[in-house]
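Novice:
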Amino acid sequence: MVSKTFGFQRPDNYPEVCNFLLLDTTNDTFNLPLGTNMLTFTFAYLAYGMQVNDVVKQNAFTYLFFLILLGLDTLWNYSYSCYSAGQLVFSAILGMFGGFIWGGILNSSKAKHLLYFSALSGKDVCSRPSKQTFKCEVYKNGKKIATKMSK
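Here's what the structure looks like:
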């Protein structure tokens, strides 16, 4: 429906390799790349949660991973003439918008725990204890029989 509103059409020479992730292969109901839309939605949703919780640096790999994935997806779709550049950009903008909106809804609701973020708190980090001295006393029948000090 959105794709028809904006006049996006599938090319006449639409390759069969482009049909593997279509919801409807029989007609032109949805002429936008669903894969690009899902990837950008997921990226925006995750990025929103990371931004809100200020854990972007700790999750730099997530950003890099999605940017590479989106780049490869765009390259695939464009090189096989599955979609035009306009369709790819529009689908990406639509997915980003949806992901940010959904992240905002979750953040403003009581379901903040559903926002993904991966960060270390002080409780998650282990540290070596300082040097300690222990004193052990051994008793037998109520009388101390030995004392041992250890470091």
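For the sequence shown, the working numbering gives the first residue as 124, with consecutive numbering after it.
Here a beta-carbon is modelled for each residue, glycine too, at the ideal position from N, C-alpha and C.
With 16 as the cutoff for other CB atoms within 10 Å, does residue 170 come out buried or exposed?
Specialist: Numbered from 1 along the sequence shown, position 47 holds the residue referred to as residue 170. Per the 10 Å Cβ criterion, buried.
Novice: Out of curiosity, what's the CA-to-CA distance linking residue 175 and residue 225?
Specialist: For the purposes of this step, residue 175 is taken as residue 52 along the sequence shown, with counting starting at 1. For the purposes of this step, residue 225 is taken as residue 102 along the sequence shown, with counting starting at 1. Each residue's Cα considered, the two are about 13 Å apart.
Novice: Given this structure, state the Cα-to-Cα distance separating residue 164 from residue 237, to the nearest angstrom.
Specialist: If you number the sequence shown from 1, residue 164 lands on position 41. If you number the sequence shown from 1, residue 237 lands on position 114. Approximately 15 Å, taken between the alpha carbons.
Novice: Tell me, to the nearest whole angstrom, how far the beta carbon of residue 206 is from that of residue 140; I am working on the premise that it is less than 8 Å.
Specialist: In the sequence shown, the residue the question calls residue 206 occupies position 83. In the sequence shown, the residue the question calls residue 140 occupies position 17. Not really, about 12 Å apart at Cβ, beyond 8 Å.
Novice: Return yes when the Cβ of residue 227 is within less than 8 Å of the Cβ of residue 159, no when it is not.
Specialist: Mapped onto the sequence shown, residue 159 falls at position 36. Mapped onto the sequence shown, residue 227 falls at position 104. In this structure, residue 227 does not lie closer than 8 Å to residue 159 by Cβ.
Novice: Assign residue 194 to one of two classes, buried (16 or more other C-beta atoms within 10 Å of its C-beta) or exposed (fewer than that).
Specialist: On the sequence shown, residue 194 is found 71 positions in, with the first residue counted as 1. Classification of residue 194: exposed, given that the 10 Å Cβ count is below 16.
Novice: Grab the span of the alpha helix (DSSP H) containing residue 170 for me, first residue to last.
Specialist: Taking the sequence shown and counting its residues from 1, one reaches residue 170 at position 47. Run containing residue 170: 157-175, per the alpha helix (DSSP H) assignment.
Novice: Which residues in the same chain have their Cβ closer than 8 Å to the Cβ of residue 261, if we skip the five residues on either side of it in sequence?
Specialist: Within the sequence shown, numbered from 1, the residue matching residue 261 stands at position 138. So the list reads 267, 268, 269, 270, 271, once near-sequence residues are dropped.
Novice: For residue 232, list the residues DSSP reports as bridge partners.
Specialist: Counted from its first residue, the sequence shown places residue 232 at position 109. DSSP lists no partner for residue 232.
Novice: Any idea if residue 220 is buried or exposed, counting beta-carbon neighbours within 10 angstroms, 16 or more meaning buried?
Specialist: If you number the sequence shown from 1, residue 220 lands on position 97. Residue 220 should be labelled exposed.
Novice: Under the three-state reduction of DSSP, which class applies to residue 202: helix, strand or coil?
Specialist: The residue you call residue 202 lines up with position 79 of the sequence shown. Here residue 202 sits in helix by DSSP.
Novice: Helix, strand or coil, according to DSSP, for residue 212 in the structure here?
Specialist: Along the sequence shown, read from residue 1 onward, the residue named residue 212 stands at position 89. Helix at residue 212.
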